[in-house]
Amino acid sequence: MAGHTRAVAFITGADGFIGTELVKVLVTRGHQVFGLAPSVAAAQRVRRAGAVPVMGDLLVPGKWQDEAAADWVFHLPPHAGCRPWRIGKCAPSITRARLLMDAHLLDAVAAGATRRVVYVSSTSCYGATGPHPVTEDEPRRPSAWGRCLTPALDRLDGHVVAGLPIVTAFPGLVYGNASWFRERVIEPVMAGRRVLQFGKTGPWVSPIHVHDCARALVYLAEHGEAGGRYFLVNSAPIRMHEFVDTFARLANRPLRVRRLPALAARLVVGSCVADDVQADAVFSNIRLRGIGFRFRYPTLDHGLQQILGALHE
Numbered sequence: 003m004a005g006h007t008r009a010v011a012f013i014t015g016a017d018g019f020i021g022t023e024l025v026k027v028l029v030t031r032g033h034q035v036f037g038l039a040p041s042v043a044a045a046q047r048v049r050r051a052g053a054v055p056v057m058g059d060l061l062v063p064g065k066w067q068d069e070a071a072a073d074w075v076f077h078l079p080p081h082a083g084c085r086p087w088r089i090g091k092c093a094p095s096i097t098r099a100r101l102l103m104d105a106h107l108l109d110a111v112a113a114g115a116t117r118r119v120v121y122v123s124s125t126s127c128y129g130a131t132g133p134h135p136v137t138e139d140e141p142r143r144p145s146a147w148g149r150c151l152t153p154a155l156d157r158l159d160g161h162v163v164a165g166l167p168i169v170t171a172f173p174g175l176v177y178g179n180a181s182w183f184r185e186r187v188i189e190p191v192m193a194g195r196r197v198l199q200f201g202k203t204g205p206w207v208s209p210i211h212v213h214d215c216a217r218a219l220v221y222l223a224e225h226g227e228a229g230g231r232y233f234l235v236n237s238a239p240i241r242m243h244e245f246v247d248t249f250a251r252l253a254n255r256p257l258r259v260r261r262l263p264a265l266a267a268r269l270v271v272g273s274c275v276a277d278d279v280q281a282d283a284v285f286s287n288i289r290l291r292g293i294g295f296r297f298r299y300p301t302l303d304h305g306l307q308q309i310l311g312a313l314h315e
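Dropping the structure here:
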């Protein structure tokens, strides 16, 4: 494995959309990977991805914390199980849960020889940006969802000052053959069903293919600056509706759209989530590119062609 040092990696959220792809990237590169699994079903997903499952729950301290003291720790804390339209009422409990999950993990690795902790947060902590890219140094104006997460994000500074080598990653809108993209784009387009859209064009967003997102997280473990923050996004922002328009075009499928007024989003997903999905969220990747990262799928067309190729295999 020329050019790479074999590492032991520990991943929270290893059974999720990004987590399973991260496991695959690490295993392919010859690293030994352990993934935290809160249930038997989660453990099966972790094992299928190629990692060794470690049973445990971030909310509950336990033996899993002994495994967490690895060379590389990737923290992809799961989202709280709260209905979108109830986020406003759930906000205090979401914040408390995130702080608790972080404390159980970071306290467990603080005394070890961990070389890098890659902490995955959310661009919602920066809030609406307007149509022009912002950098990581932009003042944060978090959305309703972002306000649930910023107390934990702010607490990271204390861990960095105490010597914990934390790199914070902010993935953009991650797409791939799973999760929201499969449910809202792939399946309806391929089945000829109508795709639900709010408004005429949707907001500007910064996408990233899930494989590039996973590769970038590993790159940050290798090359990210401790205490640094990095947006993980492609260089070219897109309109939200370009996801389905481009996928239908590349798949050579007719596009059937059910278009609702933008204001209807508040009735369907709640006001807090509607603010997130309707606001421009455009971020610069100049800092990530500046440390040498190169994208395998630099444009939406490249990424969607990979997804279509995988569907036909």
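Each number in our numbering corresponds to the 1-based position in the sequence shown with 2 added. Just so you know, even glycine gets a beta-carbon here, dropped at the ideal spot from N, CA and C. All figures in this text were calculated on a predicted structure; none of them were measured in a lab.
Exposure label - residue i; buried when at least 16 CB within 10 Å
i	result
Asn236	buried
Val27	buried
Ser123	buried
Asn287	buried
Pro94	exposed
Gly311	exposed
Val62	exposed
Leu313	exposed
Gly64	exposed
Glu244	buried
Val42	exposed
His211	buried
Asp68	exposed
Thr7	exposed
Ser131	It is worth fixing the name first, because residue 131 is Thr in this sequence and not Ser. With 16 or more Cβ atoms within 10 Å of its Cβ, Thr131 is classed as buried.
Val48	buried
Arg298	exposed
Inter-residue Cα distance where the pair is residue i and residue j
i	j	result
Gly18	Leu24	10 Å
Cys215	Phe295	11 Å
Met242	Pro205	6 Å
Asp247	Val259	10 Å
Trp87	Trp182	The predicted position of Trp87 is uncertain, since its pLDDT is 44 and thus under 50; no value can be drawn from it.
Tyr221	Gly292	12 Å
Pro1	Ala218	Any answer about residue 1 is impossible in this case: the structure gives the chain only from 3 up to 315.
Phe233	Ala223	14 Å
Ala11	Pro153	26 Å
Arg289	Gly15	25 Å
His213	Gly178	8 Å
Gln46	Pro55	8 Å
Leu102	Ala238	36 Å
Thr22	Gln308	17 Å
Tyr32	Arg231	According to the sequence provided, residue 32 is Gly. The question's Tyr does not apply to it. So the alpha carbons of these two residues sit roughly 26 Å apart.
Val197	Leu257	8 Å
Val169	Ala53	22 Å
Ala44	His106	20 Å
Gly226	Leu252	35 Å
Ala283	Ala180	22 Å
Ile240	Pro173	15 Å
Ile20	Gln34	18 Å
Ala171	Val120	7 Å
Pro141	Tyr128	7 Å
Val187	Arg50	25 Å
Leu38	Val111	14 Å
Thr125	His134	15 Å
Ile13	Phe285	26 Å
Asp139	His77	22 Å
Extent of the continuous alpha helix (DSSP H) run through residue i
i	result
Tyr221	212-225
His243	Here His243 belongs to no alpha helix (DSSP H), and DSSP marks it neither H nor E.
Thr30	19-30
Arg231	Element bounds for Arg231: not the alpha helix (DSSP H) but the beta strand (DSSP E), 231-234.
Gly311	302-314
Ile288	288-292
Endpoints, the beta strand (DSSP E) within which residue i is located
i	result
Leu262	259-262
Ile13	10-14
Ala228	Run containing Ala228: none; DSSP gives neither H nor E here.
Ala283	283-285
Test: residue i CB closer than 9 Å to a CB of chain C
i	result
Ala281	Of the chains in the structure shown, none is chain C; there is only one protein chain.
The ligand FAD heavy atom lying under 8 Å from the CB of residue i
i	result
Pro205	This structure does not include the ligand FAD; it has no bound ligands of any sort.
Ignoring anything shorter than 4 residues, give me the alpha helix (DSSP H) runs that lie fully in the stretch 165-197, in order along the chain. Segments of the alpha helix (DSSP H) lying fully in the stretch 165-197: 189-193.
Ordered list of alpha helix (DSSP H) runs contained in the stretch 35-93, each at least 4 residues: The qualifying runs are 42-51, 66-70.
Can you find at least 3 beta carbon pairs, one from the stretch 290-306 and one from the stretch 140-155, that sit closer than 8 Å? Output reads no: the stretch 140-155 does not touch the stretch 290-306.
Using 8 Å as the Cβ pair cut-off and three pairs as the minimum, do the stretch 108-119 and the stretch 57-77 touch? The count of Cβ pairs closer than 8 Å, one atom from the stretch 108-119 and one from the stretch 57-77, reaches three, so the stretches are in contact.
In the stretch 94-178, which residue ranges form an unbroken beta strand (DSSP E) of at least 3 residues, counting only runs that do not cross its ends? The stretch 94-178 contains, as complete beta strand (DSSP E) runs of 3+ residues, the segments 118-122, 132-136, 168-173, 175-177 (chain order).
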